[in-house]
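> Attaching a single structure in C-alpha cells format; questions to follow.
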Amino acid sequence: MTIMTIITIIIIIIIIIIIIIIIIIIIIIIIIIIIIIIIIIIITIIIINFIIIVIITITIMTIMTIMTIIIIIIIIIIIIIIIIIIIIITIIIIIIIITIIIIIIIIIIIIIIIIIIIIIIIIIIIITIIIIIIIIIIIVIIDSTTTTFTIAIIICSSSSSIIIMIIIISILFLLLLIIIFNIIIIITIITITITTTTTTTTPSPSSSLSSLSSFSSFSSSSSTSKPFF
C-alpha cells in the first residue's frame with residue numbers, strides 16, 4: 001500500500017509539473033504572439049505614415065511647381081505688356097517730334113515765302129514808281145515848252161493820256177501780283193497736303209479750294225477797291 005501511494009503521489013507531482021510547464025509554454029507563446037502583433041501594428045503605422053508623408057510632399061511639390069510656372073507666365077506677360085507700352089510710347093514720341101519738326105519747317109518756309117513776297121512787292125512798287133515818273137517826265141518833256149518844272153506844273157500839265165497810262169500800268173501790276181500770290185498759295189497748299197498725308201492726316205480738298213478761291217476773291221476785291229500808289 002505504501003508503495004502504491006508513493007507511486008500515485010509521484011505521478012500526481014509529475015502531472016502537476018507537466019501542467020505547469022504547459023501553462024508556462026502557453027503563456028510564453030501568447031506573449032510572443034502579442035509582441036509580434038504589436039510589432040506588425042507599429043510597422044504598418046510607420047509604413048502608412050511614410051506613404052502619407054510621401055504623398056503630401058509630392059502634392060506640395062506639384063502645387064509649388066504649378067505655382068512657379070503660373071508666376072513665371074504672369075511675369076513674362078507683364079514684361080511683354082511693358083515692352084509693348086514702351087514701344088507705343090516711343091512711337092508716339094517719335095511721331096510728335098516728326099510733326100513738330102514738319103510744322104517748324106512749314107512755318108520757316110511760309111516766313112521765307114512771305115519775306116520774298118514782301119521783297120517782290122517792294123521791288124515792283126519801286127519799279128512802277130520809277131516807270132511812272134519816267135513816263136510822266138517823258139510826256140511832260142514832249143508836250144511842254146518850258147524847261148524848269150515843279151510838281152504842281154507836272155500834275156497840272158499832265159494830259160488824260162498820262163492818267164490812262166498810269167491806270168493801265170497799275171492794273172497790270174496788280175494782276176501780276178494776284179497771279180504771283182495765287183501761285184505761292186497753290187505751292188504752299190500742295191506742300192502742306194503732302195506733309196500732312198505723311199503724318200496720316202489728310203485735309204479735305206474742298207477746304208483748300210475754298211481757301212484759294214476766297215483768297216483770289218479777296219485779291220480781286222482789293223485790286224478793284226484801292227489804287228496802286
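Take the sequence shown: its position 171, counting from 1, is numbered 171 in full-length UniProt numbering, and each next residue is one higher.
From the three backbone atoms N, C-alpha and C, an ideal C-beta is built for every residue, glycine too.
Output the distance between the C-alpha atoms of isoleucine 21 and isoleucine 43, rounded to the nearest integer angstrom.
Distance between the alpha carbons of isoleucine 21 and isoleucine 43 is about 33 Å.
> Is it the case that the Cβ atoms of isoleucine 104 and threonine 188 are separated by a distance below 8 Å?
It is not a contact, given that the beta carbons lie outside the stated cut-off.
> Nearest-angstrom Cα distance between isoleucine 36 and isoleucine 52?
Isoleucine 36 and isoleucine 52: Cα-Cα distance of roughly 24 Å.
> Whether or not the segment 92–103 and the segment 178–186 are in contact is what I'm after, with contact meaning three or more pairs of Cβ atoms, one per stretch, closer than 8 Å; do they touch?
Segments in contact, no.
> Alpha carbon to alpha carbon, how far is isoleucine 78 from isoleucine 93?
Computed Cα separation, rounded: 22 Å.
> When you compare the CB positions of isoleucine 106 and isoleucine 190, do they come within less than 8 Å of one another, or not?
The answer is no: Cβ separation not under 8 Å.
> Less than 8 Å between the C-beta atoms of isoleucine 184 and isoleucine 117, yes or no?
For isoleucine 184 and isoleucine 117, yes; Cβs fall inside 8 Å.
> Taking the Cβ atom as the reference point for each residue, do residue 246 and isoleucine 114 lie within a distance shorter than 8 Å?
Since the first and last residues shown for the chain are 1 and 229, residue 246 lies out of range.
> Short of 6 Å in beta carbon distance, which residues of its chain neighbour isoleucine 3, apart from the five on each side in sequence? Order them along the chain.
Closer than 6 Å at the Cβ level, and outside the excluded window around isoleucine 3, lies no residue.
> How big is the Cα-Cα spacing for asparagine 49 and threonine 62?
Near 20 Å, if we compare the C-alpha coordinates of threonine 62 and asparagine 49.
> With a CB to CB cut of under 6 Å and the five nearest residues on each side skipped, what residues in its chain are close to isoleucine 18?
If we look at isoleucine 18 and ignore the five residues flanking it on each side, it has no Cβ neighbours.
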